[in-house]
Amino acid sequence: MVLVETRALVKKFGAFTAVDGISFSVDRGEVVGFLGPNGAGKSTTMKIIAGFLEPTSGSAFIAGHDSRADSIAARRRLGYLPEGAPAYPDMTVASFLEFVAAMRGLSKPVARERLAELVERIDLAEVWNRRMDALSKGFKRRVGIAQALVHDPDVLILDEPTDGLDPNQKHEMRELIRTLAPNKAIVVSTHILEEVEAICTRAIIIARGRMLADSTPAELLARAPARDPSQTQIVRTTPLEDAFRHITLEQAGS
Amino acid sequence: MSTALLVFRREFAGYFATPLAAVFLAVFLAVAAGMTFFMANFFDRGQADLSAFFLWHPWLYLVLMPAIGMRLWAEERRSGTIELLMTLPVQPWQLVFGKWLAAWVFAGLALALTAPLWITVNVLGSPDNGVILASYLGSWLMAGAFLAISACVSALTKNQVLAFIGAVVIGFLFVMAGFDLVLAAVRPWAPDVVVQAIAAMSFIGHFQRITDGVLEAPAIIFFVSLIVFALWLNVQVLDARKAA
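Line order of the protein sequences matches chains A and B.
Counting from 56, one number per residue, gives the positions in the first sequence under this note's numbering.
Counting from 81, one number per residue, gives the positions in the second sequence under this note's numbering.
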């Protein structure tokens, strides 16, 4: 079942084309990794799917609802973690999550039950009554995830969920995404390649607003150029990195 | 409506989460009292009424209301929380109304704290309390108009200082609209209808009619329509920023 679909998305900021004809779809059970250099258009694409930005042309659908024409229905099915996991600094974790739950129309008892579950699952108990501006990056990110999961949405759009986390926190976040995956359609942006291998069932590579690849991590690996054994590497790279560099630099050169 | 109230509650609590609220209330009371006693000579007038107090409100609000309203949207845009807010399954007008209401109730609180003045004039003499009540309500409505303008300007930028300056400039035009200085500059080239329309936008003119206790209804309608229009414009600004 297709839960996320974009059709020929184009977004222009003045003369600059940030997103240039992006089309893909995500089924339930898939975790799609959005890969690309900084400024490739990953965040812009995610903002359009989430309905925060309107595309210049093309359209995006969440569970069959047009993110523009039927935006309220689309947003009901969506959990979104914006870039940088923004949150109100003057609120406590508890009041922030309760606010989001109420804004999503959850009744008090349902919200309480749901939040209790999330506290457990995302391990927020120790910061529950702390103000958001006193949280570490790792906890801030986790609260951002909790906020996106409050209403148990079918679709998760997570913009760099592991950015700024330490290796242990990264690992936990990836485990969480893996456990959520079977029942949802998840789109995760990242520029950490190992993450794609760790959690994604599919990878989409974007550079300069264009889609350069849409395949499984294994297929991507196959696109890595053969190493020239005579050249010693100054910095050791993984085969996936080779593939990524090959695909993105090829386009930049053309 | 309940969504708007949720936004209101969060936003209103936000004013008190930092020392901002206390500082603002102190400044508001000090300046309001200062203007009443020193610039309008409350005691020398020898009359038991509050017209010396209300006289300066348009000028007081011109600066203080943008100070309350500037953060409403600019801060959300700066911190990125606007992305959370605008991707919730709610209508933009619910957000716009809830935020404005929080600022307006906060302004109402500041105004309510000037009640000792009202009590004082009742101790000193026998003022027309009907007029005073109408003046308080009129003053609060005018504050609402200033705030609706401030909120709308705040939605245009992520810079609170710019939001403040923009709101003061637009507010200044409304305050000055009834003055001959402005009208004389327009009269030579604009048709009479335009001159009258500008004069009819005057905050001071409408507010004075309320504090004088005459012709309140048109003045109230004026402020209410201006609030509704500015909030509608605020929604349009948010929509336009999505497509930008």
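Beta carbons: idealized from backbone N, C-alpha and C, even for Gly.
Note that the structure is a prediction, hence the values are computed from the model and not measured.
Please report the straight-line C-alpha distance between residue i and residue j, rounded to a whole angstrom.
i	j	result
ALA129(A)	HIS120(A)	5 Å
SER159(B)	ASP145(A)	12 Å
LYS192(A)	PRO141(A)	11 Å
ARG300(A)	VAL251(A)	15 Å
GLU274(A)	ALA268(A)	10 Å
VAL111(B)	ARG321(B)	37 Å
GLY264(A)	GLY76(A)	8 Å
VAL174(A)	ILE200(A)	11 Å
ILE261(A)	VAL74(A)	9 Å
HIS286(B)	SER215(B)	11 Å
LEU175(B)	LEU85(B)	9 Å
SER309(A)	VAL65(A)	With a pLDDT of only 47 at SER309(A), under 50, the local geometry of the prediction cannot be trusted, and the value read off the model is given with reservation. About 21 Å.
Which word fits residue i, buried or exposed, when buried means at least 16 other C-beta atoms lie within 10 angstroms of its C-beta?
i	result
LEU220(A)	buried
VAL274(B)	exposed
ALA63(A)	exposed
ALA223(B)	buried
ASN209(B)	exposed
ASP272(B)	exposed
VAL165(A)	exposed
GLN288(B)	buried
ASN314(B)	buried
LYS225(A)	buried
LYS163(A)	exposed
VAL198(A)	buried
PRO208(A)	buried
ARG282(A)	exposed
GLU305(A)	exposed
TRP119(B)	Checking the sequence, you will find Met at residue 119(B) rather than Trp. MET119(B) should be labelled exposed.
VAL205(A)	buried
VAL54(B)	For chain B, the structure presents residues 81 to 324; residue 54(B) sits outside this window and is missing.
Give the secondary structure of residue i by DSSP, where H, G and I count as helix, E and B as strand, and everything else as coil.
i	result
LEU227(B)	helix
TYR135(A)	strand
GLY76(A)	strand
GLU305(A)	helix
LYS67(A)	strand
ASP319(B)	helix
ILE289(A)	coil
MET266(A)	strand
ALA258(A)	strand
HIS120(A)	strand
GLY170(B)	At residue 170(B) the sequence reads Val, which differs from the Gly that was named. Looking at VAL170(B) - three-state DSSP - the assignment turns out to be coil, as it is neither helix nor strand.
ASP260(B)	helix
LEU211(A)	strand
GLU60(A)	strand
Consider the Cβ of residue i: report whether some Cβ of chain D lies at a distance smaller than 9 Å.
i	result
GLY149(B)	Absent from the structure: chain D. Protein chains present are A and B.
Of all the options the options, which has the alpha carbon lying nearest to the alpha carbon of residue i?
i	options	result
LEU142(B)	SER230(B), LEU109(B) and VAL315(B)	SER230(B)
PHE96(B)	MET115(B), ALA182(B) and THR167(B)	ALA182(B)
ILE104(A)	GLU227(A), GLY69(A), SER80(A) and ASN238(A)	SER80(A)
GLY94(B)	GLU163(B), TRP136(B), ASP129(B) and VAL185(B)	VAL185(B)
LYS195(A)	ARG176(A), PRO208(A), ASP207(A) and ASP218(A)	ASP218(A)
TRP220(B)	LEU86(B), GLN127(B) and LEU140(B)	LEU140(B)
MET256(B)	ILE278(B), PHE122(B), ASP319(B) and THR98(B)	ILE278(B)
LEU165(B)	VAL205(A), LYS66(A) and PHE107(A)	PHE107(A)
GLU126(A)	ALA132(B), PHE134(B), PRO172(B) and PHE133(B)	According to the sequence as given, residue 126(A) is Ser; it is not Glu. When only C-alpha atoms are compared, the closest one is PRO172(B).
THR291(B)	GLY218(B), GLY149(B), ARG157(B) and ALA265(B)	GLY218(B)
PRO272(A)	MET266(A), ALA279(A), ALA258(A) and PRO280(A)	ALA258(A)
MET228(A)	ARG176(A), ASN238(A) and ARG186(A)	ARG176(A)
Nearer than 8 Å: is that true of the beta carbon of residue i relative to any heavy atom of the ligand FAD?
i	result
ALA97(B)	Ligands are entirely absent from the displayed structure, and the ligand FAD is therefore not among its contents.
I'd like to know if the region 233-249 of chain A and the region 199-212 of chain A are in contact, where contact means that at least 3 CB-CB pairs between them fall below 8 Å.
Result yes; three or more Cβ-Cβ pairs closer than 8 Å.
With three or more C-beta pairs closer than 8 Å as the rule, is the region 105-123 of chain B touching the region 289-309 of chain A?
Proximity of the region 289-309 of chain A to the region 105-123 of chain B falls short of the contact definition, fewer than three beta-carbon pairs being nearer than 8 Å.
Does the region 194-203 of chain B touch the region 143-155 of chain B, meaning 3 or more C-beta pairs lie closer than 8 Å?
No, the region 143-155 of chain B is not in contact with the region 194-203 of chain B.
Does the region 85-94 of chain B come close enough to the region 169-183 of chain A that 3 or more CB-CB pairs lie under 8 Å?
Segments in contact, no.
Do the region 147-159 of chain A and the region 82-92 of chain A make contact, defined as three or more Cβ pairs closer than 8 Å?
Contact between the region 147-159 of chain A and the region 82-92 of chain A is absent, because fewer than three Cβ pairs lie under 8 Å.
Do the region 304-322 of chain B and the region 226-240 of chain B meet, that is, are 3 or more Cβ pairs less than 8 Å apart?
Taking 8 Å as the limit for Cβ pairs, the verdict is that the region 226-240 of chain B does touch the region 304-322 of chain B.
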